[in-house]
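Participant:
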Amino acid sequence: MNSKNMDNRSGVGQARFLTWILVASMLLGTMGLLSGCRKSGFGKDAEGKVKVVASIYPMYDFVKRIGGDLVAVNMMVPAGTEPHAWEPSTRDMMDLEEADLVVYNGAGMETWMADILGTVQNKDLVKLEASKDVPLLRVDHEADDHDAGHEDHDHGEFDPHVWLSPSNAKLEMRAIADALIAIDPDHTETYEQNYQTAAAECDKLMDEYRMALAPYEGKYIVVAHEAYGYLCHEFNLNQIGIEGVSADQEPDAARMREIIDMVGEYDIHCIFFEELVDPKVAETIAGETGCQTAALSPLDGLTQADIDNGRDYFTVMRDNLLALQKAFA
Amino acid sequence: MPTILQYAYMQRALLVGFLLALLVACLGTVMVHKRLSLIGDALSHSSLAGVALGLLLGFNPIIGAIAACVVAAFCIEGIRKKLGNHSELAVAIVMSTGIGLAGVMSGFVKSAADFNSFLFGSIVAISEMETYMVIVLALVVLLAFFLLYKELFYISFDEQAAAISGVPVGVVNAIFTILTAVTISIAARTVGALIVSSLMVVPVAAAMTIARSYKTTILWAAVISITSTIGGLVLSFYCGLKPGGTIVLIAVAWFLILYLLKWLRGRLTSGNRSADGAKRASEESKGA
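Top line first, the protein sequences correspond to chains A and B.
Under the numbering used here, the first residue of the first sequence carries the number 10, and numbering increases by one thereafter.
Under the numbering used here, the first residue of the second sequence carries the number 2, and numbering increases by one thereafter.
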């Protein structure tokens, strides 16, 4: 009886001991994992360069263009991610603590940016809202057509997708060049030169768009979400968004009906979808109306494969132009 | 005024909506009686992990979703038995695991993007392929449901008694678990997770306020589920409301109305009784 009790007690003791070992090893394991995963946001090759955090793909592209080898750029919203549904991680916060400059589009695009910048302790961080010199379009503005306008947007009052017009891209590049020159005045000449090259490319792109789209003025395009306000404004097109300015809404049955009816009314042959959003809705409307579907990128995020294949702002903008011409032809 | 049946997408929405509402109500009745009412939420979120895995390893994410759903459903079954009185925790544990896995794995998915949009469909954008898939699914599940009706009935109320009286509980549970998992993963992709997980529970809760037997509970749940779906689609078509939310709110309205009716009926019958009875009732209510 007595010995049995003793056995029991030592059994309990053993179990408790084992539990502690287990807990301790889990803690140690987690710490090991953390130290293993933890990489400094900017690598060794960032030393001596201007460290820049860019919020979304277009900003990343513009900063690389102007900064060239003189800057190290980290992109916050990773490749292939739809920025509307993104959340910052602790890594992004570490990057910001180390960075010299953060470039974001603004105008309501990065809704999470204000919160993040409020908590960053890095006093020397220069914050640039790249769209600050761009004449912004109100969201209602694009509703020239009586029923193409959609009331529910949660982006705020301005359409943030300014970079879809090359002339606005040029203004954003200018702002970025100025910020880099202020931080690193020794290389003013290089930044200025890079800006001139990129700006000339923007002008060229503008001309290409103008030439190609001139015959189609006043035409309508059906797009996944109303991101193309600046493009339409610049080249006299009209957009009909399946969803509002923000990409993450489910369409309702009445909106689907309106769009299907408009496709017939405005002689539309192509429904555009975005690569980063499921094309189901576009396909349903296309199936209903006998239209084709094609990709039109709002450029808010390229996939890693795209970037590896050397695609960038200008190549995607030219692909978009081809897709538009095809849709109208 | 445009007619609702003039558009192919609405025809599909109504047909698929009708079939899924019927299916989900049948499955939901069993699940609610098994105290697993939140299984729809748990499984549709677990299938996110399957989608992420599919994208990572390069197989069809829909197959990944179905597989993850089946695995998660069996985990719920397994954990549920170990937890005794707290069996509903199994659902919460599996849901947390699914969401956690999906969150971690999404960090590794570099190619495709907003995988929420690939996983959760919309009832007004259903492809032809999905329509056929739902028709086949409906036939299979309804057939199984009718063939196993008696066994399911036993198991829903008392698994141990069912086993003693010779019901092959293990096999029936396994079949039913697979059917539920497949239905939820396909339905989430077709009409959205909100509709599936809500229609599993709310119509059954509404039906239970008025139905007096297991059979009438199923019938009422089916009626409520189907009318909510069709009603929601019609409202969405004519008033421009979001279909998913509208369908769910109609089902909730059904619940509130039926509950109110039951309460009123209770008041009336107690009022009609003798003064003595009424006095006793009021004393009782005071006591409570």
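From the three backbone atoms N, C-alpha and C, an ideal C-beta is built for every residue, glycine too.
Return helix, strand or coil for residue 150 of chain A, following the three-state DSSP convention.
Facilitator: Here residue 150 of chain A corresponds to residue number 141 of the first sequence, with the count starting at 1. Note that residue 150 of chain A scores a pLDDT of 43, beneath 50, so its modelled location is shaky and nothing firm can be said.
Participant: In this structure, how does DSSP classify residue 167 of chain A when only helix, strand and coil are distinguished?
Facilitator: Locating residue 167 of chain A in the first sequence gives position 158, counting from the first residue. It is a strand residue.
Participant: So the beta strand (DSSP E) residue 250 of chain A belongs to, where does it begin and stop?
Facilitator: Counting from one through the first sequence, the residue named residue 250 of chain A turns up at place 241. Here the beta strand (DSSP E) through residue 250 of chain A covers 247-252.
Participant: For the pair the stretch 306-321 of chain A and the stretch 21-31 of chain B, tell me if three or more CB-CB distances fall below 8 Å.
Facilitator: The stretch 306-321 of chain A, when compared against the stretch 21-31 of chain B, does not touch it at the 8 Å Cβ threshold.
Participant: Is it buried or exposed for residue 219 of chain A, if we count other Cβ within 10 angstroms and need 16 for buried?
Facilitator: Locating residue 219 of chain A in the first sequence gives position 210, counting from the first residue. Classification of residue 219 of chain A: exposed, given that the 10 Å Cβ count is below 16.
Participant: Which residue spans inside the stretch 288-317 of chain A form an unbroken beta strand (DSSP E) run of at least 3?
Facilitator: DSSP runs (the beta strand (DSSP E)) wholly in the stretch 288-317 of chain A: 301-304.
Participant: For residue 8 of chain B, does the three-state DSSP call read helix, strand or coil?
Facilitator: By one-based count along the second sequence, residue 8 of chain B stands at place 7. It is coil, neither helix nor strand.
Participant: Just checking: is the beta-carbon of residue 237 of chain B within a distance shorter than 9 Å of some beta-carbon in chain A?
Facilitator: In the second sequence, counting from the first residue as 1, residue 237 of chain B sits at position 236. Yes, residue 237 of chain B counts as interfacial toward chain A.
Participant: Here's the rule I'm using: 16 or more other beta-carbon atoms within 10 Å means buried, otherwise exposed. How should residue 347 of chain A be labelled?
Facilitator: With chain A covering only 10 through 338, there is no way to say anything about residue 347 of chain A.
Participant: Could one say the Cβ of residue 215 of chain B lies closer than 9 Å to chain A's Cβ atoms, at least one of them?
Facilitator: In the second sequence, residue 215 of chain B corresponds to position 214, counting from 1. No, no contact with chain A.
Participant: Could you say if the stretch 167-180 of chain B and the stretch 7-20 of chain B meet the contact criterion of at least three C-beta pairs nearer than 8 Å?
Facilitator: Output reads no: the stretch 7-20 of chain B does not touch the stretch 167-180 of chain B.
Participant: In or out: residue 262 of chain A buried (at least 16 other Cβ within 10 Å) or exposed?
Facilitator: Within the first sequence, residue 262 of chain A is the residue found at index 253, counting from 1. Buried.
Participant: Between the stretch 259-272 of chain A and chain B, which residues of the former have CB atoms less than 9 Å from a CB of the latter, in chain order?
Facilitator: The residues in question are 259, 260, 261, 262, 263, 264, 265, 266, 267, 269, 270.
Participant: Which word fits residue 81 of chain B, buried or exposed, when buried means at least 16 other C-beta atoms lie within 10 angstroms of its C-beta?
Facilitator: Along the second sequence, one-based indexing puts residue 81 of chain B at 80. Answer is buried; the Cβ neighbour count reaches 16.
Participant: Considering residue 203 of chain A, what are the terminal residues of the beta strand (DSSP E) in which it resides?
Facilitator: Here residue 203 of chain A is taken as the residue at index 194 of the first sequence, counted from 1. Careful: residue 203 of chain A lies outside any beta strand (DSSP E), inside the alpha helix (DSSP H) at 197-222.
Participant: Quick test of the definition: if touching needs 3 or more C-beta pairs under 8 Å, does the stretch 105-113 of chain A touch the stretch 57-64 of chain A?
Facilitator: Yes, the stretch 105-113 of chain A touches the stretch 57-64 of chain A.
Participant: Of the residues B:39, B:191, B:127, B:232, which one's Cα is nearest the Cα of residue 67 of chain B?
Facilitator: Your numbering for residue 67 of chain B matches position 66 in the second sequence. Cα-wise, what sits closest to residue 67 of chain B is B:191.
Participant: From what residue to what residue does the beta strand (DSSP E) around residue 280 of chain A run?
Facilitator: As a working mapping, residue 280 of chain A is identified with position 271 in the first sequence. 279-282 is the span of the beta strand (DSSP E), which, as asked, contains residue 280 of chain A.
Participant: Distance cutoff 9 Å, beta carbons only. Does residue 263 of chain B sit that close to anything in chain A?
Facilitator: The sequence position of residue 263 of chain B within the second sequence is 262, counting from 1. So no, residue 263 of chain B is outside the interface.
Participant: Determine, using beta carbons only, whether residue 146 of chain B and residue 138 of chain B come nearer to each other than 9 Å.
Facilitator: Position 145 of the second sequence, counted from the first residue, corresponds to residue 146 of chain B. Position 137 of the second sequence, counted from the first residue, corresponds to residue 138 of chain B. No. Outside cutoff.
Participant: For residue 290 of chain A, which residues in chain B fall below 7 Å Cβ to Cβ?
Facilitator: Numbered from 1 along the first sequence, position 281 holds the residue referred to as residue 290 of chain A. Neighbours of residue 290 of chain A on chain B, chain order: 123, 126.
Participant: Measuring CA to CA, which of A:90, A:97, A:66, A:96 is closest to residue 2 of chain A?
Facilitator: No answer is possible for residue 2 of chain A: it lies beyond the span of chain A, which begins at 10 and ends at 338.
Participant: Counting only beta-carbon atoms, is residue 99 of chain A nearer than 9 Å to chain B?
Facilitator: Position 90 of the first sequence, counted from the start, is the residue given in the question as residue 99 of chain A. Closer than 9 Å: no.
Participant: Looking at the unbroken beta strand (DSSP E) that takes in residue 84 of chain A, where does it start and where does it end?
Facilitator: Residue mapping note: residue 84 of chain A aligns to position 75 of the first sequence, counting from 1. Run containing residue 84 of chain A: 80-84, per the beta strand (DSSP E) assignment.
Participant: For residue 202 of chain B and residue 249 of chain B, what's the separation of their Cα atoms in angstroms?
Facilitator: What you label residue 202 of chain B is simply residue 201 of the second sequence in a count that begins at 1. What you label residue 249 of chain B is simply residue 248 of the second sequence in a count that begins at 1. Whole-angstrom Cα-Cα distance: 10 Å.
Participant: I believe residue 200 of chain A touches residue 182 of chain A by the beta-carbon criterion, under 8 Å. Please report the beta-carbon distance rounded to the nearest angstrom.
Facilitator: Here residue 200 of chain A refers to the residue found at position 191 when the first sequence is read from its first residue. Here residue 182 of chain A refers to the residue found at position 173 when the first sequence is read from its first residue. Contact flag wrong, Cβ pair sits at about 10 Å.
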